[in-house]
Ligand code: N01
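In this note's numbering, the protein residues as written are -19 to 519.
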């Protein structure tokens, strides 16, 4: 049966949940379509062992409700996946969100009906809903990427993909396990699997930089004091050049780099700056030097500090050298945050296999084969990443004006205005879309900022009697060019990472997130809104 609402939202992760909350405040009727059978998005799907957030729990949480932030108790500095999922469920219950979410609905198409100025959204399960607006809250890392390796179906044992992990968990006891991939997911999973499995073989094509999490339980007395300053912390997360990550100080302090540059410093001087960051743990490590992500010479010094850490932790010199990233600047791929990753390679039951030098030829019935040999295992774990940022959007048949598909509009890579709207697709928004800080930031900070901006825009439309909004073509062109220019002034494009689409064959190489920081980006969005939504056309 066809249903009609004001807004159709796709996805019930943190973005879709907050959107629903805000739309209700505006008095708009919304329906959220969600593929999974519960809320939580990425935290619903990514249940691999060791999965936890790499942003501080106290910052990776909603700020919109002071009552919520005061009442919810995070147990650890970096929360585990089950705890984050419980938090999502708690939010859904507390604000009674589930009654407007339809679970188990995978959207197959969203088509703009120009005559009626509304969107028709269809699911694979046969549900149809029409709405004046369609908002994509589909997440940036929600489409798993299978490796392009022959013979996956020939493997006779179970294959588990990190981002589609079975809800009942996997028992590795007494098993021989092979893991393909050494990104953030694998770096969290490997130490946990190694403790359980009889034998673990890690197939590494590209080593990654990882810093220790120094995760720890949060002390109740400390937490109570921190919460007295929660509002100030939230203000800090939203402003400045930072990415909106958290802080461990009770009262927030202005985060300024310790030094402008590491260029020209001796290794001892660099270590003197970086050692306290390493000891403190977390991705904040990269903010010790102001020019870490723009100056190759400075970046090289920071990378060398990390390589020396790896050499000092890993006992076998050849394994240590293999684990040292050498071909891309530190931070140009998302830095990993681990608990005991490098130490795991000192275990007798763990072996690192270099599949850059000796590539995987095929998966076989019992394991896999490289040019030089074969490796047997009982269980294969794939931690091979995602078709990031555009994957979920392009997997749906999205059609705007004159039947133009989003795939056609984005043939040469994603183009958007502010990562919020796309020319040719009226009344259509993307939360944390390409062209916004999104994956370079604390996602919760960016989600709230986008949703608040959209809510303000919809309120403006309701108040002014406008029924249609569309990103202007020229504004979009200029913004896309600006996003590229900002990226090209940094070392990010040298990472060859999923930020660029480089992990997906045939995907256009476009640096997708906006790299100027959440503070400047917020100011631009607010300025656009104040200036009558400059760059958007209303009808
Ligand atoms: O994926 P990745 P991920 N043969 O793309 C390898 C977020 N996240 O799921 O680099 C051999 O980083 C590939 O090798 P290479 C976070 O933003 C956050 O780990 O292409 N190897 C690489 O090693 C993160 O950045 C958290 O040479 C193959 C790996 O698979 C993002 O998600 C936790 C291969 C993929 O690494 C993605 O992380 C987890 C092949 N054919 C994830 N194909 C936290 O919050 C691929 N690989 C902590």
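Virtual Cβ for every residue (Gly too), placed ideally from N, Cα, C. Owing to the predicted nature of the structure, the values given are computational and were not obtained by experimental measurement.
Taking a C-beta distance under 8 Å as the contact criterion, residue 225 and residue 36 qualify as a contact pair.
In the DSSP assignment, residue 479 falls outside any alpha helix (DSSP H), carrying neither H nor E. The continuous alpha helix (DSSP H) containing residue 387 extends over residues 386 to 389. Of the candidates 458, 496 and 406, 496 places its Cα closest to the Cα of residue 419.
In this structure, residue 483 has its CB closer than 7 Å to one or more heavy atoms of ligand 1. For residue 183, the Cβ falls inside the 7 Å cut-off from some heavy atom of ligand 1. For residue 478, the distance from the CB to the nearest heavy atom of ligand 1 is below 7 Å. Nearest neighbour of residue -8 by Cα position, chosen from 165, 10, 194 and -16, turns out to be 10.
In this structure, residue 471 and residue 312 form a Cβ contact; the two beta carbons are roughly 5 Å apart against a cut-off of 8 Å.
When the beta-carbon positions are compared, residue 178 and residue 154 come within less than 8 Å of each other.
Relative to ligand 1, residue 203 has its C-beta separated by 7 Å or more from all heavy atoms. Pairing residue 451 with residue 328, the inter-Cα distance amounts to about 58 Å. Separation of residue 475 and residue 486 (C-alpha to C-alpha, rounded to the nearest whole angstrom) is 17 Å. According to DSSP, residue 145 shares a beta bridge with no other residue.
If you ignore the 5 residues before and after residue 93, its C-beta comes within less than 8 Å of the C-beta of 99, 100 and 110, all in its own chain and listed in chain order. When DSSP states are grouped into helix, strand and coil, residue 507 belongs to the helix group. Residue 79: not part of any beta strand (DSSP E); DSSP gives it neither H nor E.
The beta carbons of residue 390 and residue 410 sit about 11 Å from each other, so the pair does not count as a contact at 8 Å. Residue environment for residue 289: buried (at least 16 other C-beta atoms within 10 angstroms of its C-beta). In terms of Cβ geometry, residue 363 and residue 488 do not form a close pair [threshold 8 Å]. Annotated as distal: residue 417 and residue 394, with beta-carbon spacing of 8 Å or more. Between the region 340 to 348 and the region 194 to 210, the count of Cβ pairs shorter than 8 Å is below three; the stretches do not touch.
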